[in-house]
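Counting in the numbering used here, the sequence shown runs from 519 upward without gaps.
Note that beta-carbon positions come from the ideal geometry of N, C-alpha and C, so glycine has one too.
Here is the structure we will look at.
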Amino acid sequence: MIIDTHAHLDMDAFMEDRAGVIERARESGIGYILNIGCDIESSRRSVELAECHDFIYASAGVHPHDVKDIGDGTYADLAALLVHPKVVAAGEMGLDYFRNHSPAELQRKHFRKQIELAREHGRPIIIHCRDAKEDMIAILSEHYPKNDKARSGIFHCFSGDQELADRALEMGFYVSFSGSVTYPKSDGLRAVAKTIPADRLFVETDCPYLAPQPRRGKRNEPAFVNFTAQVLAEVRGLTVEDLNRASELNFFELFGVGSNAKTGTVAYQIRNSLYLNLTTRCTNDCVFCSRLTRPVVQGYNLKLDREPTADEVWQAVGDPANYDEVVFCGYGEPTLRLDVIKTVAAKIKAAGGRVRLNTNGHGNVIHKRNILPELKGLVDEVSVSLNSDSSETYDATCRPLPSFRGRIYDEIRRFIQEAKKYIPDVQATIVTQQEGVDETACEDIVKKEFDVNYRPRRYNLVG
Ligand code: SF4
Numbered sequence: 519m520i521i522d523t524h525a526h527l528d529m530d531a532f533m534e535d536r537a538g539v540i541e542r543a544r545e546s547g548i549g550y551i552l553n554i555g556c557d558i559e560s561s562r563r564s565v566e567l568a569e570c571h572d573f574i575y576a577s578a579g580v581h582p583h584d585v586k587d588i589g590d591g592t593y594a595d596l597a598a599l600l601v602h603p604k605v606v607a608a609g610e611m612g613l614d615y616f617r618n619h620s621p622a623e624l625q626r627k628h629f630r631k632q633i634e635l636a637r638e639h640g641r642p643i644i645i646h647c648r649d650a651k652e653d654m655i656a657i658l659s660e661h662y663p664k665n666d667k668a669r670s671g672i673f674h675c676f677s678g679d680q681e682l683a684d685r686a687l688e689m690g691f692y693v694s695f696s697g698s699v700t701y702p703k704s705d706g707l708r709a710v711a712k713t714i715p716a717d718r719l720f721v722e723t724d725c726p727y728l729a730p731q732p733r734r735g736k737r738n739e740p741a742f743v744n745f746t747a748q749v750l751a752e753v754r755g756l757t758v759e760d761l762n763r764a765s766e767l768n769f770f771e772l773f774g775v776g777s778n779a780k781t782g783t784v785a786y787q788i789r790n791s792l793y794l795n796l797t798t799r800c801t802n803d804c805v806f807c808s809r810l811t812r813p814v815v816q817g818y819n820l821k822l823d824r825e826p827t828a829d830e831v832w833q834a835v836g837d838p839a840n841y842d843e844v845v846f847c848g849y850g851e852p853t854l855r856l857d858v859i860k861t862v863a864a865k866i867k868a869a870g871g872r873v874r875l876n877t878n879g880h881g882n883v884i885h886k887r888n889i890l891p892e893l894k895g896l897v898d899e900v901s902v903s904l905n906s907d908s909s910e911t912y913d914a915t916c917r918p919l920p921s922f923r924g925r926i927y928d929e930i931r932r933f934i935q936e937a938k939k940y941i942p943d944v945q946a947t948i949v950t951q952q953e954g955v956d957e958t959a960c961e962d963i964v965k966k967e968f969d970v971n972y973r974p975r976r977y978n979l980v981g
């Protein structure tokens with residue numbers, strides 16, 4: 519299901535054929551549309567649309583262009599709209615110093631007031647920000663402590679730089695991209711889009727404005743959100759299905775609309791790889807790992823009610839030849855379940871599949887023997903998380919079991935060297951931007967000392 523998180527279907531641009539546009543949205547697979555209010559009148563029209571269509575929801579707010587028209591009764595009207603059951607967000611609100619249709623001082627004043635109203639009503643906010651990065655960050659920092667994601671909101675039609683994106687994420691906000699990310703000259707914006715974690719990403723049309731590239735210059739409409747989703751998926755090396763699955767879960771988590779991801783997922787597909795979720799146990803407790811707090815990857819909830827048996831895992835695989843590879847991972851350390859790996863990998867290989875193992879490299883210490891000869895012929899590729907250039911920073915970043923500390927880093931290095939003897943493809947990975955970790959030194963160790971492939975992974979991107 520795809521979701522258009524920002525539409526203005528109430529505008530005059532849709533006067534002639536609104537019903538047809540809504541019908542086309544349905545036919546093109548749009549699951550939900552959030553229709554956005556820009557002043558009291560358009561907020562009321564949004565509510566009327568939402569009342570007439572199950573799959574349309576509304577927001578209520580005053581756009582920064584229009585705050586100069588706010589009168590005595592405006593906030594009472596907004597408060598009345600925000601309690602409507604189909605009004606799931608406040609806004610759009612924010613700052614626009616590009617057009618400056620309202621004085622900047624008035625924009626800041628009413629942005630703060632609308633945030634306060636939204637928080638009183640427990641509504642996420644829809645943010646418009648243009649050429650106002652410093653003031654935007656300053657005002658949001660007053661109201662949204664770090665990672666207060668539950669009722670944060672969306673930076674709509676994001677057009678900012680990496681710094682604004684990073685600060686938005688830090689404060690728990692979601693980032694939404696419109697058709698502008700599809701334009702040929704938007705390389706910078708696409709580079710930012712690549713760095714947004716799947717659990718903070720949305721896509722939108724902002725229709726009738728900003729039609730995506732194949733329809734650029736024409737009136738935009740919700741059905742065209744598919745073009746933008748396609749570009750975003752390509753930029754992020756995913757399929758549109760991957761992108762939509764994550765957005766659907768985000769929509770539920772932010773607005774309570776739709777459904778939660780089911781738990782107990784044993785096998786899940788991302789791109790054309792099938793991942794196997796064997797366990798959530800791990801011998802590390804990495805500072806960047808959310809397996810115990812939010813075990814969600816690309817819209818899949820990996821919380822296991824119990825660990826699956828080898829038979830159950832094999833059943834979940836189906837036909838391994840349908841995939842480019844089958845990956846043993848889990849949101850935990852898969853080699854804790856070595857017997858399951860060996861049993862299922864043998865069947866996958868017999869059925870013509872390719873096998874990858876993602877591991878923290880603790881397997882030989884966990885099992886008190888060299889397990890790599892046992893994986894020969896069963897595993898085609900192993901990806902080992904090195905994550906550090908020294909034992910001290912490894913222990914600080916990955917927080918291994920107390921009995922592993924001080925020695926496990928050297929054991930991982932030995933594991934990687936040993937893996938080359940038994941597994942055709944070996945790569946070592948690091949999670950970037952970790953305090954005290956010298957990424958250049960890591961790369962040198964991996965390429966020069968180990969002579970294996972090196973893959974850095976941005977700290978907040980999983981899957
Ligand atoms: S090794 Fe992987 S699963 Fe284990 S704590 Fe670290 S990130 Fe999480």
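Does ligand 1 have a heavy atom nearer than 7 Å to the CB of E929? Against the sequence shown, residue 929 aligns to sequence position 411. No, the Cβ of E929 stays beyond 7 Å of every heavy atom of ligand 1.
Quick one: using the 10 Å Cβ neighbour count with 16 as the cut-off for buried, is S921 buried or exposed? The residue you call residue 921 lines up with position 403 of the sequence shown. With fewer than 16 other Cβ atoms within 10 Å, it is exposed.
Measuring straight from C-alpha to C-alpha, what distance separates I558 and I672? Sequence index remark: in the sequence shown, residue 558 carries index 40 (1-based). Sequence index remark: in the sequence shown, residue 672 carries index 154 (1-based). Answer to the nearest angstrom: the Cα atoms are 20 Å apart.
Considering only residues of the same chain and omitting the five flanking positions on each side of V902, which have a CB-CB separation below 8 Å? Your numbering for residue 902 matches position 384 in the sequence shown. Counting only Cβ-Cβ distances below 8 Å, and skipping sequence neighbours, we find T877, N878, G879, I930, F933, I934, A937, V944, Q945, A946 and T947.
Is any heavy atom of ligand 1 found at a distance shorter than 7 Å from the C-beta of G589? For this step, residue 589 is matched to residue 71 along the sequence shown. False, no ligand heavy atom lies under 7 Å from that Cβ.
Would you call N802 buried or exposed, if buried means 16 or more other Cβ atoms sit within 10 Å of its Cβ? Indexing the sequence shown from 1 puts residue 802 at position 284. Classification for N802: buried.
Nearest residue (CA-CA) to F720, options D535, A828 and S765: Locating residue 720 in the sequence shown gives position 202, counting from the first residue. Considering only alpha carbons, the answer is S765.
Straight-line Cα distance separating P852 from V835: By 1-based counting over the sequence shown, the position of residue 835 is 317. By 1-based counting over the sequence shown, the position of residue 852 is 334. Those two C-alpha atoms are separated by around 16 Å.
Could you tell me which of D907, D956 and N553 sits nearest to P577, measuring between CA atoms? Locating residue 577 in the sequence shown gives position 59, where the first residue counts as 1. Note on identity: in this sequence residue 577 is Ser, with Pro being the wrong assignment. The option with the nearest alpha carbon to S577 is N553.
Return the residue from the list N790, S906 and K631 that minimises the CA-CA distance to E953. Locating residue 953 in the sequence shown gives position 435, where the first residue counts as 1. Among N790, S906 and K631, the Cα nearest to that of E953 is on S906.
Cβ contact check for the stretch 821–833 and the stretch 883–900: 3 or more pairs under 8 Å: no
Look at the alpha carbon of P702 and the alpha carbon of L856, and state the distance between them as a whole number of angstroms. In the sequence shown, counting from the first residue as 1, residue 702 sits at position 184. In the sequence shown, counting from the first residue as 1, residue 856 sits at position 338. Cα-Cα distance, rounded: 48 Å.
Between I542 and the rest of its own chain, which residues show a CB-CB distance below 6 Å, the 5 nearest in sequence each way excluded? Taking the sequence shown and counting its residues from 1, the one referred to as residue 542 is at position 24. A quick correction: the sequence has Arg, not Ile, at residue 542. Result list for R542: A741, in chain order.
Apply the 10 Å Cβ neighbour rule to F676 and answer buried if 16 or more other Cβ atoms are within range, or exposed otherwise. Counting from one through the sequence shown, the residue named residue 676 turns up at place 158. Burial call: buried.
In this structure, does DSSP put Q787 in helix, strand or coil? If you number the sequence shown from 1, residue 787 lands on position 269. Q787 falls in the strand class under three-state DSSP.
Return the CA-CA distance between H571 and T950, expressed in angstroms with no decimal places. Position 53 of the sequence shown, counting from 1, holds the residue named residue 571. Position 432 of the sequence shown, counting from 1, holds the residue named residue 950. Each residue's alpha carbon lies about 45 Å from the other.
Touch test, the stretch 728–745 against the stretch 772–780, Cβ-Cβ under 8 Å, three pairs minimum: no
Comparing the CB of C804 with every heavy atom of ligand 1, is any distance shorter than 7 Å? Locating residue 804 in the sequence shown gives position 286, where the first residue counts as 1. Flag set: Cβ of C804 near ligand 1.
Is it right to say T915 is buried, meaning 16 or more other beta carbons lie within 10 angstroms of its own, or is it exposed? To locate residue 915, count along the sequence shown from 1; it is residue 397. Classification of T915: buried, given that the 10 Å Cβ count is 16 or more.
Between the stretch 519–528 and the stretch 711–719, do at least 3 Cβ pairs fall closer than 8 Å? no
Any idea what DSSP makes of T798, helix, strand or coil? Residue numbering aside, residue 798 sits at position 280 when the sequence shown is read from its first letter. Looking at T798 - three-state DSSP - the assignment turns out to be coil, as it is neither helix nor strand.
Out of A864, S546 and R737, which has the shortest C-alpha to C-alpha gap to V897? For the purposes of this step, residue 897 is taken as residue 379 along the sequence shown, with counting starting at 1. The shortest C-alpha separation from V897 is found at A864.
Unbroken beta strand (DSSP E) runs of length 3 or more, entirely within the stretch 660–691: which are they? 671–673
Whose C-beta lies closer than 8 Å to the C-beta of K651 among residues of the same chain, with five residues either side of it excluded? Sequence index remark: in the sequence shown, residue 651 carries index 133 (1-based). The residues are G678, D679, E681 and L682.
If distances are taken between C-alpha atoms only, which option among P891, S909, G895 and R733 comes closest to R872? Within the sequence shown, the letter at position 354 stands for residue 872. With distances taken between Cα atoms, R872 lies closest to G895.
Boundaries (first-last residue) of the beta strand (DSSP E) holding D705: Locating residue 705 in the sequence shown gives position 187, where the first residue counts as 1. That residue, D705, is in no beta strand (DSSP E); its alpha helix (DSSP H) goes D705 to K712.
H987 vs H619 beta-carbon contact at 8 Å: As displayed, the chain neither begins before 519 nor continues past 981, which places residue 987 out of reach and without an answer.
Which residue from D653, T861, T811 and R976 puts its Cα closest to that of K627? Translated into positions along the sequence shown, residue 627 becomes position 109. Answer by Cα proximity: D653.
Name the two residues that bound the continuous alpha helix (DSSP H) containing H639. Your numbering for residue 639 matches position 121 in the sequence shown. Per DSSP, H639 belongs to no alpha helix (DSSP H) and is neither H nor E.
Do I644 and I633 count as a contact pair if the criterion is CB distance below 8 Å? Within the sequence shown, the letter at position 115 stands for residue 633. Within the sequence shown, the letter at position 126 stands for residue 644. No. Outside cutoff.
Any heavy atom of ligand 2 closer than 7 Å to the CB of Y786? As for ligand 2, it is missing from this structure, which binds only ligand 1.
Check C804 in the structure and name its three-state DSSP category. Walking along the sequence shown from the start, residue 804 turns up at place 286. If DSSP states are grouped into helix, strand and coil, C804 belongs with coil.
Spatial neighbours of R799 in its chain, beta-carbon cut-off 6 Å, leaving aside the 5 residues before and after: For the purposes of this step, residue 799 is taken as the residue at position 281 of the sequence shown. Closer than 6 Å at Cβ, skipping near neighbours: G850 and L854.
Return the residue from the list E566, R630 and V814 that minimises the CA-CA distance to H526. What you label residue 526 is simply residue 8 of the sequence shown in a count that begins at 1. Answer by Cα proximity: E566.
Can you check whether the CB of S694 is closer than 8 Å to the CB of L707? Sequence index remark: in the sequence shown, residue 707 carries index 189 (1-based). Sequence index remark: in the sequence shown, residue 694 carries index 176 (1-based). No, these two residues do not count as a Cβ contact at 8 Å.
At a cut-off of 7 Å, would you count E957 as near ligand 1, judging by its Cβ distance to the nearest heavy atom? The count along the sequence shown starts at 1 and reaches residue 957 at position 439. No.
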